[in-house]
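This report concerns only the one structure given below.
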Amino acid sequence: MSKPTVSVPNKHKEILLAIGAYAQKLGTRAWLVGGAVRDFYLKKETLDIDITFEGNVEPLANLCLRNWGGTKRKFTQFGTYRVELENGLKLDLVRARKESYPHPAALPVVEPSVIKDDLFRRDFTVNAWAISLWPQDFAASFDPFGAQRDIDGGWVRILHDKSFLDDPTRLFRALRFAGRFGWKLAPETEALFKEAVAQQYPLLLTRERVSREFIKILEEKNPQPVFVLLSQYGLLDFVYPSLQWVPVMSKAHTMPQRLALLVCSLEGSGQEFLKSLRLPKELTQEIQVILDVYEMRRSPLTVLTDFQKTVLKWLFPQLPPQALEPCVIRGNDLKNQGFTGSRISAALEYCCKLQWEGKIHTAQDALARAESLPKK
Ligand code: CTP
């Protein structure tokens, strides 16, 4: 253990010290670990905090709720608690563990352990850094694998040769961190990375896990450098063939906006790509509507959300003002005018198209144009 090199932001100090003091009373070592240590060292904001205990976690989860209010969830598989405090802080409280992988890309089998093993099971040196939370040596650094050295040098480095095989999501994670922080893959890590891609390790992952990693990339503050790396190292094809960053994505700020633009960029296969991601139904449907309008290039029959309109305006910056409003007439209006059967849908489609092109503005315009269609 060495002197503190990471300074804990003042706003988190009180809570972390109290957790450390309680753990000390129980005789349980408590450590701040993972991305939060990295981010505190880099002076970056984070509300996601991982704390590892060398002992039972439950009393500490209860302490958090008693002291600061919030909700807790238990993940039985790893005995982890996720506590969301009322002040917005998210704490993952975990018992230090050792992991073994029964077969490549499987979820690990875990057993309780001490902090060094817990750091060794992690993805990269830069995320395998712990600082003590016990009051007597608060913030003292435990950095057995060179986290500080690699953060200073800008290296993404795995901790052992089988790391990518154990968990191929690390291939995506490596490029996400490299792109986010402007880091490079350390030479030996890069060699193993290339081998892992050549051996198609990402195919060992379920589609859900690939999708989750890809969505995390789209949630980055600036995903473009990550895309450049994904493409350079041949990982994008494992997400979906011919996927690439499209310049219009620079306008977007959120994951759904970026995803919608990507889906539309895949001429003809956007729908298949969207479905393959197995996202929540509501999001899939919202993006599907954008794709429909994009492909048909005609005004919608329903009211579009602000999200849908924003994305479509980026895709079609020159649209007439009413193009994204619901079509000025409905099927019933046409029925009332004596339209029947397939003439109704043909006339509706025609009017949606005319409205998209700015050629009609009112229901009267639309009806007049519909009447001019051939009777059969
Ligand atoms: N971790 C790992 N292998 C994975 C996923 C996570 O070793 N496949 C470890 C890393 O130590 C990581 C920590 O679990 O720091 C927390 O995971 P996560 O929240 O996904 O990573 P962060 O580093 O916090 O990433 P971000 O900054 O994007 O939240």
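Numbering (this note's numbering) for the sequence shown: 135 to 510.
From the three backbone atoms N, C-alpha and C, an ideal C-beta is built for every residue, glycine too.
Here's a check: name, in chain order, each residue in its chain whose Cβ is nearer than 8 Å to the Cβ of residue i, leaving out the five neighbours to either side.
| i | result |
| --- | --- |
| F348 | F306, V373 and L411 |
| V423 | P434, T436, L438 and Q442 |
| G288 | F315, G316, W317 and K318 |
| L501 | I463, D467, L468 and Q471 |
Sorry if obvious, but does the Cβ on residue i come closer than 7 Å to a heavy atom of the ligand CTP?
| i | result |
| --- | --- |
| N261 | yes |
| R283 | no |
| T388 | no |
| R304 | yes |
| D252 | no |
| R343 | no |
| G404 | no |
| D300 | no |
| R256 | yes |
| D440 | no |
| G169 | yes |
| R464 | no |
Please go through the same chain and pick out, in chain order, the residues whose beta-carbon is closer than 7 Å to the beta-carbon of residue i, but skip the five residues on each side of it.
| i | result |
| --- | --- |
| F327 | F298, L305, A308, L319 and Y367 |
Residue i and residue j look like a contact to me (Cβ under 8 Å); what is the Cβ gap, rounded to whole Å?
| i | j | result |
| --- | --- | --- |
| E420 | F441 | 7 Å |
| V86 | G213 | Because the chain here runs from 135 to 510, residue 86 falls outside it and cannot be looked at. |
| Q456 | Q489 | 6 Å |
| G169 | T180 | 7 Å |
| A281 | T259 | 5 Å |
| I285 | R172 | 6 Å |
Express the C-alpha separation of residue j and residue i in angstroms, rounding to a whole number.
| i | j | result |
| --- | --- | --- |
| G154 | T436 | 55 Å |
| V445 | D182 | 30 Å |
| S384 | P357 | 9 Å |
| K147 | V140 | 12 Å |
| F199 | S266 | A small fix is needed here, since residue 199 is Leu in this sequence, not Phe. Taking the straight line from one Cα to the other gives about 22 Å. |
| A274 | P143 | 15 Å |
| R431 | F254 | 53 Å |
| E324 | A164 | 33 Å |
| A394 | P381 | 13 Å |
| D295 | K447 | 48 Å |
| V462 | V397 | 28 Å |
| A230 | P460 | 56 Å |
| K80 | D277 | This structure cannot settle anything about residue 80, because the visible part of the chain is limited to 135 through 510. |
Candidates the options: which alpha carbon is nearest residue i's?
| i | options | result |
| --- | --- | --- |
| W317 | V248, E342, V290 and A164 | V290 |
| E188 | L488, C461 and T162 | T162 |
| V228 | P246, K443 and P236 | P246 |
| I292 | D286, S275, S266 and A262 | A262 |
| I149 | L160, S136, L176 and L194 | L194 |
| K355 | V380, F315, V331 and Q333 | F315 |
| F473 | G280, R341 and S506 | S506 |
| Q334 | V362, P390, D371 and R343 | D371 |
When you measure from the CB of residue i to every non-hydrogen atom of the ligand GTP, does any distance come out below 7 Å?
| i | result |
| --- | --- |
| D182 | As for the ligand GTP, it is missing from this structure, which binds only the ligand CTP. |
Who are the Cβ neighbours of residue i in its own chain at under 6 Å, not counting the five residues just before and after it?
| i | result |
| --- | --- |
| I351 | R310, P357 and V360 |
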